[in-house]
Amino acid sequence: MNIVLVGMQWGDEGKGKIIDILSQKVDYIVRYQGGNNAGHTVVVGRKQYIFHLIPSGILHPGKICCIGNGVVIDPAVLLGELDDLRKNGIDFSRRFKISSLAHLIMPYHKNLDQLREAKRKNKIGTTGRGIGPCYADKINRCGIRMTDLLNPDVFRDKLKDNLKEKNEIFKKVYQHSGFSFKKIYMEYLRYGELFAPYICNTAVLLNKAIDGKKDILLEGAQGTFLDIDFGTYPFVTSSSTISGGACIGTGISPDKINKVIGVCKAYTTRVGEGPFPTEFTEDFGKIMRDKGNEFGATTGRPRRCGWFDAVMAKESVMLNGISELAIMKMDVLDGLAQVKICTSYKYKGKIFKEFPCDLEVLSKATAVYKQMAGWPRESNQPSSFKQLHPNARAYLLELQKLLGVRITIVSIGSARRDTIFI
Ligand code: IMO
Ligand code: MG
Numbered sequence: 004m005n006i007v008l009v010g011m012q013w014g015d016e017g018k019g020k021i022i023d024i025l026s027q028k029v030d031y032i033v034r035y036q037g038g039n040n041a042g043h044t045v046v047v048g049r050k051q052y053i054f055h056l057i058p059s060g061i062l063h064p065g066k067i068c069c070i071g072n073g074v075v076i077d078p079a080v081l082l083g084e085l086d087d088l089r090k091n092g093i094d095f096s097r098r099f100k101i102s103s104l105a106h107l108i109m110p111y112h113k114n115l116d117q118l119r120e121a122k123r124k125n126k127i128g129t130t131g132r133g134i135g136p137c138y139a140d141k142i143n144r145c146g147i148r149m150t151d152l153l154n155p156d157v158f159r160d161k162l163k164d165n166l167k168e169k170n171e172i173f174k175k176v177y178q179h180s181g182f183s184f185k186k187i188y189m190e191y192l193r194y195g196e197l198f199a200p201y202i203c204n205t206a207v208l209l210n211k212a213i214d215g216k217k218d219i220l221l222e223g224a225q226g227t228f229l230d231i232d233f234g235t236y237p238f239v240t241s242s243s244t245i246s247g248g249a250c251i252g253t254g255i256s257p258d259k260i261n262k263v264i265g266v267c268k269a270y271t272t273r274v275g276e277g278p279f280p281t282e283f284t285e286d287f288g289k290i291m292r293d294k295g296n297e298f299g300a301t302t303g304r305p306r307r308c309g310w311f312d313a314v315m316a317k318e319s320v321m322l323n324g325i326s327e328l329a330i331m332k333m334d335v336l337d338g339l340a341q342v343k344i345c346t347s348y349k350y351k352g353k354i355f356k357e358f359p360c361d362l363e364v365l366s367k368a369t370a371v372y373k374q375m376a377g378w379p380r381e382s383n384q385p386s387s388f389k390q391l392h393p394n395a396r397a398y399l400l401e402l403q404k405l406l407g408v409r410i411t412i413v414s415i416g417s418a419r420r421d422t423i424f425i
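The opening residue of the sequence shown carries number 4 in my numbering; numbering runs sequentially from there.
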């Protein structure tokens, strides 16, 4: 069984926790897009791990973890993550693989990301990790890939070509002194040597695994509304975050995907700029942010918080082909007198039941809510759906009804045991 797991909102849905749980049941775990803009948190006992590049399944002994061709890799960050694993006694040497076709984030990508943001009037609020410029070079056909680091001659030519153009742009447009060929060349060749044991044709590896009846979990990063096509463009990331991206980013064909699981919070959050129709007012937003500890796992930025948006979530079910839902951080809504679910938007007297393409509508629309009674904080940790407060159950059943998809997991805390399976 090959499963794709996607975020249904603007990222940070709690994908790391669900991937960690599902990893037990599969043989391979694969990242297929994004880069170290992602921050996937996994809590094991008292220890918290945050993964930016390595699949969150790596904590399970014996599971093979791959970084697919669709991911953009900052080699210094990857090296740091591998070192952390070593320090924690996690052996990955024979079960970690990197696609030879994955593109590399170069020092100039990071600088360009930050310089561009600084110059823009309409800021995106990127993570500043060089993600956009790296994907832009990929599409522009001047990117540098993992495999290039294993061939010093090819790498030299590609880097020279890039720096010739980029250094001029840096100097003339951004008054930046530019980059030294030698420094980057030596640094990246060294990465090539260190990563060589893991670099391979992951498309072949994964398809052979499928032929051998192995199970694969495809780990999405970011969320549906950060998708380069279907998200709230231009306030999006630069990759295809939806389930279709899993095929492009791994070389697994669509007919081999058996199931798509969607992960969403019981409310909504967003980091960075862009429209957010159900955003809380400032005061209530702060209370909920503290309650849910809503601070970015990558940049530490405070996350914006709001009510559950069923218009978005429904669109997400459609775009991804979701057939099962994991609802996260349900416990953060405990103790509220009332909870709300957005069922449509209203703009200039018109009701929108579908997610609008026009950024103006989305930015200025007011959310139309269904109000429901809240529930108290449970003194005993509920361990089944039945043990949840009736109002909490009613809320979940309403989400299920609105989205037309089964909820199979409800998370009520960050630990593995704080999970209800339905
Ligand atoms: P995970 O995988 C939440 C947001 C950034 C910014 C926009 C573009 O942890 O859910 P980028 O650096 O990608 O060019 O920034 O996308 N963003 C995320 N928000 N979770 C993420 O990843 C994100 N990755 C990028 O805040 O608004
Ligand atoms: Mg995150």
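By construction, the Cβ of each residue, glycine as well, lies at the ideal position given by its N, Cα and C atoms.
Keep in mind that this is a model prediction, so the values were computed, not measured.
Could you compute how far the alpha carbon of residue i sits from the alpha carbon of residue j?
i, j, result
"residue 228", "residue 163", "37 Å"
"residue 63", "residue 331", "22 Å"
"residue 38", "residue 77", "7 Å"
"residue 282", "residue 316", "15 Å"
"residue 168", "residue 7", "39 Å"
"residue 25", "residue 69", "16 Å"
"residue 356", "residue 86", "48 Å"
"residue 57", "residue 373", "40 Å"
"residue 308", "residue 92", "37 Å"
"residue 255", "residue 150", "20 Å"
"residue 98", "residue 134", "26 Å"
"residue 303", "residue 213", "38 Å"
"residue 394", "residue 73", "42 Å"
"residue 154", "residue 116", "27 Å"
"residue 297", "residue 242", "24 Å"
"residue 396", "residue 371", "22 Å"
"residue 165", "residue 206", "27 Å"
What is the C-beta distance between residue i and residue j, in whole angstroms, given that I count them as a contact (C-beta under 8 Å)?
i, j, result
"residue 423", "residue 385", "7 Å"
"residue 347", "residue 46", "So it is not a contact: roughly 36 Å between Cβ atoms."
"residue 265", "residue 11", "4 Å"
"residue 398", "residue 252", "Contact doesn't hold; Cβ gap of about 34 Å is too wide."
"residue 146", "residue 140", "4 Å"
"residue 341", "residue 375", "7 Å"
"residue 107", "residue 148", "7 Å"
"residue 249", "residue 42", "That belief does not hold up - the Cβ atoms of residue 249 and residue 42 are roughly 20 Å apart, past 8 Å."
"residue 324", "residue 246", "6 Å"
"residue 203", "residue 96", "Contact doesn't hold; Cβ gap of about 14 Å is too wide."
Taking all protein chains shown into account, do 16 or more other C-beta atoms lie within 10 angstroms of the C-beta of residue i, making it buried, or fewer, making it exposed?
i, result
"residue 200", "exposed"
"residue 287", "exposed"
"residue 268", "buried"
"residue 48", "exposed"
"residue 257", "exposed"
"residue 189", "exposed"
"residue 313", "buried"
"residue 230", "buried"
"residue 360", "exposed"
"residue 273", "buried"
"residue 23", "buried"
"residue 81", "buried"
"residue 40", "buried"
"residue 114", "buried"
With DSSP as the reference, identify every bridge partner of residue i, one or two as the case may be.
i, result
"residue 312", "345"
"residue 88", "Note: residue 88 sits in no beta bridge, so no partner."
"residue 414", "422"
"residue 271", "309"
"residue 46", "51 and 418"
"residue 5", "219"
"residue 99", "68"
- Every unbroken beta strand (DSSP E) within the segment 50 to 82, with a cutoff of 3 residues, ordered by chain: Counting only runs of 3+ residues, the beta strand (DSSP E) found wholly inside the segment 50 to 82 occupies 50 to 54 and 67 to 70, in chain order.
- Query: What are the complete alpha helix (DSSP H) segments, minimum 4 residues, inside the segment 146 to 234?
  - Reply: 155 to 177, 184 to 198 and 205 to 214, all fully within the segment 146 to 234.
- Task: Enumerate, from N- to C-terminal direction, the unbroken beta strand (DSSP E) stretches of 3 or more residues contained entirely within the segment 273 to 305.
- Result: None, since the segment 273 to 305 contains no complete beta strand (DSSP E) of that length.
- Residue ranges of each alpha helix (DSSP H) within the segment 328 to 409, 4 or longer: Those alpha helix (DSSP H) runs which fall completely within the segment 328 to 409 and span 4+ residues are 362 to 367 and 393 to 406.
- Query: Closer than 5 Å from C-beta to any heavy atom of the ligand ADP: which residues, in chain order?
  - Reply: Ligands displayed in this structure: the ligand IMO and the ligand MG; the ligand ADP is not among them.
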